[in-house]
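Reviewing the structure listed below.
Protein chains: 2
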Amino acid sequence: MDYYSGQISRLIEELSTLPGIGGKTAQRLAFHILNMPVEQVEKLSLTMTEARKNICYCQECYTLTDKEHCPICSNEARDHQTIMVVESTRDLAAYEKTGKFEGVYHVLHGAISPMLGIGPNDIKLKELIQRLEGEVQEVIIATNSSLEGETTAMYISKLIKPTGIRVTRIASGVPVGGDLECIDEVTLLRALEGRVEL
Amino acid sequence: MDYYSGQISRLIEELSTLPGIGGKTAQRLAFHILNMPVEQVEKLSLTMTEARKNICYCQECYTLTDKEHCPICSNEARDHQTIMVVESTRDLAAYEKTGKFEGVYHVLHGAISPMLGIGPNDIKLKELIQRLEGEVQEVIIATNSSLEGETTAMYISKLIKPTGIRVTRIASGVPVGGDLECIDEVTLLRALEGRVEL
Numbered sequence: 095m096d097y098y099s100g101q102i103s104r105l106i107e108e109l110s111t112l113p114g115i116g117g118k119t120a121q122r123l124a125f126h127i128l129n130m131p132v133e134q135v136e137k138l139s140l141t142m143t144e145a146r147k148n149i150c151y152c153q154e155c156y157t158l159t160d161k162e163h164c165p166i167c168s169n170e171a172r173d174h175q176t177i178m179v180v181e182s183t184r185d186l187a188a189y190e191k192t193g194k195f196e197g198v199y200h201v202l203h204g205a206i207s208p209m210l211g212i213g214p215n216d217i218k219l220k221e222l223i224q225r226l227e228g229e230v231q232e233v234i235i236a237t238n239s240s241l242e243g244e245t246t247a248m249y250i251s252k253l254i255k256p257t258g259i260r261v262t263r264i265a266s267g268v269p270v271g272g273d274l275e276c277i278d279e280v281t282l283l284r285a286l287e288g289r290v291e292l
Numbered sequence: 095m096d097y098y099s100g101q102i103s104r105l106i107e108e109l110s111t112l113p114g115i116g117g118k119t120a121q122r123l124a125f126h127i128l129n130m131p132v133e134q135v136e137k138l139s140l141t142m143t144e145a146r147k148n149i150c151y152c153q154e155c156y157t158l159t160d161k162e163h164c165p166i167c168s169n170e171a172r173d174h175q176t177i178m179v180v181e182s183t184r185d186l187a188a189y190e191k192t193g194k195f196e197g198v199y200h201v202l203h204g205a206i207s208p209m210l211g212i213g214p215n216d217i218k219l220k221e222l223i224q225r226l227e228g229e230v231q232e233v234i235i236a237t238n239s240s241l242e243g244e245t246t247a248m249y250i251s252k253l254i255k256p257t258g259i260r261v262t263r264i265a266s267g268v269p270v271g272g273d274l275e276c277i278d279e280v281t282l283l284r285a286l287e288g289r290v291e292l
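Residue numbers (our numbering), protein chains in the order written: chain A, 95 to 292; chain B, 95 to 292.
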């Protein structure tokens with residue numbers, strides 16, 4: 095890319111290493127950044143480096159946070175006896191957006207995947223088991239509805255069941271607003287199996 | 095977004111101010127950045143701030159560059175008597191990618207648009223006229239084929255014609271590989287008007 099001067103090409107190159115940012119988008123972003131006020135560019139880069147440097151795992155639920163304990167775990171008003179197990183901090187955020195879940199979370203940072211060589215020891219599973227030594231009443235498994243997510247859910251349920259703690263899995267079925275004819279057979283069968291009394 | 099800790103939300107917020115980056119993409123980018131090695135994040139932010147600080151207009155063609163003269167203008171091998179007028183540095187790069195244009199450029203940084211209140215004095219037009227005092231033989235107008243681009247092209251040609259310098263406009267027509275039935279009437283008419291002898 096020698097039709098741009100050195101620093102512009104370097105910027106485009108670095109931006110295009112980000113996920114979902116191709117060559118064209120990287121160019122557009124680069125020229126946007128070059129047209130932004132200097133202070134704003136400095137603020138953006140400072141936010142990036144500061145966030146990256148200060149980020150750590152919450153010592154309780156292992157979500158990404160910038161303190162020793164995340165805002166959810168340090169909130170006394172929440173029900174610390176109900177733990178929802180999710181694969182990532184973004185999944186946690188998705189449930190938090192509903193605003194209806196009162197319990198706490200446990201972030202696994204991945205799912206068991208023999209295909210990718212990710213075993214039970216590669217995700218935060220030991221840490222979940224350690225947390226169960228406290229006064230936990232229910233573990234809600236909210237891993238994704240993918241092959242890996244289901245495998246992980248089965249594995250966790252088998253591990254926890256013997257301790258007598260209640261283990262549940264979020265329901266699988268037709269999404270709200272979903273059009274039946276556009277939904278795959280497996281989901282339709284799951285919805286049928288999981289039918290509830292009206 | 096209080097379901098993320100302060101620094102993560104700030105990062106997501108800042109990223110989503112970039113063009114074409116919505117809330118979901120900003121989240122994905124933020125978590126990618128948080129998972130990158132610290133040095134890489136530092137490198138990215140340094141590239142951003144350095145590029146922004148050192149960027150300036152080339153003193154000859156007004157493209158964005160990090161030196162007083164851009165690599166194209168300082169290249170003695172190029173034909174400095176042929177100037178291609180483009181709207182932006184990205185348009186310049188688009189023509190440079192073809193690798194066939196031997197002349198130099200002039201970047202207007204915009205186009206005349208009465209709708210947006212952009213007049214001839216708001217783009218680098220005076221600077222173009224000043225350059226014509228040298229030994230220029232041809233001005234090729236390669237502004238976009240939009241209303242604003244066409245208006246700008248007409249304006250420039252009327253301005254330069256009296257000086258006796260040759261003024262040309264890049265051809266308008268059916269794109270290579272284009273399917274006739276998918277092309278609008280105006281383009282089809284242009285292609286007909288601009289037909290060439292075989």
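Every residue gets a Cβ at the ideal spot worked out from N, C-alpha and C, and that includes glycine.
All values reported here derive from a predicted model rather than from experimental measurement.
CB contact below 7 Å: residue i versus chain E
| i | result |
| --- | --- |
| B/Val268 | Protein chains A and B are contained in the structure displayed, whereas chain E is not. |
Any chain B beta carbon closer than 7 Å to residue i
| i | result |
| --- | --- |
| A/Tyr199 | no |
| A/Arg146 | yes |
| A/Met209 | no |
| A/Leu138 | yes |
| A/Ala187 | yes |
| A/His126 | yes |
| A/Ile259 | no |
| A/Glu196 | no |
| A/Asp160 | yes |
Other residues of its chain near residue i: CB distance less than 6 Å, five sequence neighbours each side excluded
| i | result |
| --- | --- |
| A/Ile102 | none |
| B/Ser110 | Gly117 and Ala120 |
| B/Ile234 | Met178 and Thr262 |
| B/Glu162 | Gln153 |
| B/Ile106 | Ala120, Gln121 and Ala124 |
| A/Leu202 | Glu181, Ile217 and Lys218 |
Cβ shell of residue i (< 8 Å), same chain only, five flanking positions each side left out
| i | result |
| --- | --- |
| A/Leu282 | Val268 and Leu274 |
Under 7 Å between C-beta atoms of residue i and residue j
| i | j | result |
| --- | --- | --- |
| A/Ala188 | A/Thr246 | no |
| A/Leu112 | B/Leu219 | no |
| B/Tyr97 | A/Glu190 | yes |
| B/Leu138 | A/Glu136 | no |
| B/Glu232 | B/Arg260 | yes |
| A/Val132 | B/Arg146 | yes |
| B/Ser239 | A/Asp160 | no |
7 Å Cβ shell around residue i - same chain, five flanking residues per side excluded
| i | result |
| --- | --- |
| B/Val221 | Note that residue 221 of chain B is Glu in the sequence shown here, rather than Val. Around B/Glu221: Tyr156. |
| A/Pro256 | none |
| B/Cys167 | Cys152, Glu154, Cys155 and Val198 |
| A/Leu241 | none |
| A/Pro214 | Ile206 and Tyr249 |
First through last residue of the alpha helix (DSSP H) which encompasses residue i
| i | result |
| --- | --- |
| A/Thr157 | Segment: none, A/Thr157 is in no alpha helix (DSSP H) and carries neither H nor E. |
| A/Gly197 | Note, A/Gly197: premise wrong, no alpha helix (DSSP H); beta strand (DSSP E) at Gly197 to Val201. |
| A/Ala187 | Thr183 to Thr192 |
| B/Lys218 | It is not in any alpha helix (DSSP H) - B/Lys218 carries neither H nor E in the DSSP assignment. |
| B/Gly116 | Taken as a continuous stretch (DSSP letters only), B/Gly116 belongs to no alpha helix (DSSP H), as it is neither H nor E. |
| B/Leu253 | Leu241 to Ile254 |
| B/Leu286 | Glu279 to Glu287 |
Span of the beta strand (DSSP E) around residue i
| i | result |
| --- | --- |
| A/Glu170 | Unbroken run through A/Glu170: none, as it is neither H nor E. |
Below-7 Å beta-carbon distance, residue i vs any chain A residue
| i | result |
| --- | --- |
| B/Arg104 | yes |
| B/Ile212 | no |
| B/Ser99 | yes |
| B/Pro256 | no |
| B/Leu123 | yes |
| B/Val233 | no |
| B/Leu292 | no |
DSSP bridge partner residues for residue i (one or two, in chain order)
| i | result |
| --- | --- |
| A/Glu232 | A/Thr176 and A/Arg260 |
| B/Tyr98 | According to DSSP, which records beta bridges pairwise, B/Tyr98 is partnered with nothing at all. |
| B/Cys150 | B/Thr159 |
| A/Ser207 | A/Ile212 |
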